[in-house]
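Below you'll find the structure, written out as structure tokens, and then a few comments.
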Amino acid sequence: SEGARERAMAAAKKMKEEVRRKEPLLNSKPRTSRDDPNFMQSFFKASRLHFIGTWKARYQEILDSVPPPPPLPPPLAHGGRIIAHVDMDCFFCSVGVKGRSELQGQPVAVCWGDATSENAQHAEISSANYVARKFGVRAGMFIGKAKELCPQLITIPYEFDKYTSTAETMYRCLFAITPHVQGVSVDEAFADITSLVAGENVQNLKEVVIAVANRIRKEILEATGCPASVGCAGSDII
């Protein structure tokens, strides 16, 4: 009913305000290095690009904590390999919505700017969930344009620590399934699953590959609370 939708939206907005209120970077006044010796540290801490750019070092820490991979298994009987491409769905949004039932089913985007503020119309959206995408909201879009497309859009701030811990859990899920994992980014990886389907004849191969892909999706969802898409092919460039 209309009343139920209004109550759900009011609860979502209240949750959004709570999330923003708890983020210390949003509660500090704009400063420079002249009056705040920690200005540059805080600036980079709030930077999405800095977070993405430093992911390689965090990924190396994960690699250092798992046993070195054995040699790649031999190709399948027909001479090919099976590579799974794992991509976390709407990653920043999925992490932000997880555990916050008030935001479930609502159009949500991740951005430092507040969609209800006139001063944030040129803030850039980093991630939008599928509900928001149905309205045409996309990553890289300014809030002003996004609000034109989706007036009820809920924006929540970045939560980099949560992204890091969730990504680490995702990668550890993959390493538990196969030791042959190639990290691409904080939310994307390739995994060689050839050994998991070896011994299957060509007629059964498709069904077995689908079963392994579903296992990867299931285990990541159970471990992280966030969904992932998995596609399989003969190489990592298809």
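Numbering of the sequence shown is given in full-length UniProt numbering, commencing with residue 1 and proceeding in unit increments. Don't be surprised by glycine CBs; every beta carbon is placed ideally from N, CA and C. Note that the coordinates shown come from a computational prediction; the quantities given were computed from them, not determined experimentally.
If you draw a straight line from the alpha carbon of residue i to that of residue j, how long is it in whole angstroms?
{"i": "Leu103", "j": "Met15", "result": "7 Å"}
{"i": "Ala77", "j": "Ala128", "result": "42 Å"}
{"i": "Leu205", "j": "Lys22", "result": "50 Å"}
{"i": "Ala10", "j": "Ala139", "result": "25 Å"}
{"i": "Met40", "j": "Lys56", "result": "Only weak support is given to the placement of Met40: the predicted model assigns it a pLDDT of 47, under 50, and the value that follows is read from those uncertain coordinates. Cα to Cα, the separation comes out at about 21 Å."}
{"i": "Ile143", "j": "Thr155", "result": "9 Å"}
{"i": "His122", "j": "Glu17", "result": "20 Å"}
{"i": "Gly53", "j": "Tyr59", "result": "11 Å"}
{"i": "Leu49", "j": "Met141", "result": "16 Å"}
{"i": "Pro157", "j": "Lys145", "result": "18 Å"}
{"i": "Lys98", "j": "Gly105", "result": "12 Å"}
{"i": "Cys114", "j": "Phe135", "result": "In the sequence as presented, Cys is not what sits at residue 114; that position holds Asp. Distance between the alpha carbons of Asp114 and Phe135 is about 18 Å."}
{"i": "Met88", "j": "Phe175", "result": "16 Å"}
{"i": "Pro73", "j": "Ala228", "result": "25 Å"}
{"i": "Cys90", "j": "Ala211", "result": "23 Å"}
{"i": "Arg172", "j": "Glu219", "result": "10 Å"}
{"i": "Phe51", "j": "Cys93", "result": "16 Å"}
{"i": "Trp112", "j": "Leu153", "result": "14 Å"}
{"i": "Pro70", "j": "Arg100", "result": "41 Å"}
{"i": "Gly199", "j": "Arg215", "result": "18 Å"}
{"i": "Arg5", "j": "Pro151", "result": "14 Å"}
{"i": "Asp236", "j": "Arg133", "result": "27 Å"}
{"i": "Val86", "j": "Val209", "result": "14 Å"}
{"i": "Leu221", "j": "Phe160", "result": "19 Å"}
{"i": "Glu61", "j": "Ser185", "result": "14 Å"}
Could you tell me which residues DSSP pairs with residue i in its beta bridges?
{"i": "Gly53", "result": "Paired residues: none, contrary to the question."}
{"i": "Asp87", "result": "Glu188, Ser229"}
{"i": "Gly183", "result": "Ala189"}
{"i": "Gly124", "result": "According to the sequence shown, residue 124 is Glu rather than Gly. Bridge partners of Glu124: Phe142."}
{"i": "Ala109", "result": "Ala128, Thr155"}
Between residue i and residue j, how many whole angstroms is the CB-CB distance? I'm expecting something under 8 Å.
{"i": "Lys162", "j": "Val95", "result": "5 Å"}
{"i": "Gln232", "j": "Ala84", "result": "The amino acid at residue 232 is misidentified as Gln; the sequence shows Cys. Between Ala84 and Cys232 the Cβ distance is about 5 Å, and since that is below 8 Å, they are a contact."}
{"i": "Leu149", "j": "Val137", "result": "6 Å"}
{"i": "Ala223", "j": "Thr164", "result": "About 15 Å separates the two Cβ atoms, so there is no contact after all."}
{"i": "Thr194", "j": "Ile82", "result": "5 Å"}
{"i": "Arg217", "j": "Val230", "result": "5 Å"}
{"i": "Gly80", "j": "Gly234", "result": "5 Å"}
Could you check whether the region 126-141 touches the region 188-201, counting it as contact only if at least three pairs of C-beta atoms, one from each stretch, sit closer than 8 Å? Judged by Cβ distances under 8 Å, the region 126-141 makes no contact with the region 188-201, as fewer than three pairs qualify.
Below 8 Å, how does it come out for the region 167-184 and the region 57-72: are there three or more Cβ pairs, yes or no? Yes, the region 167-184 is in contact with the region 57-72.
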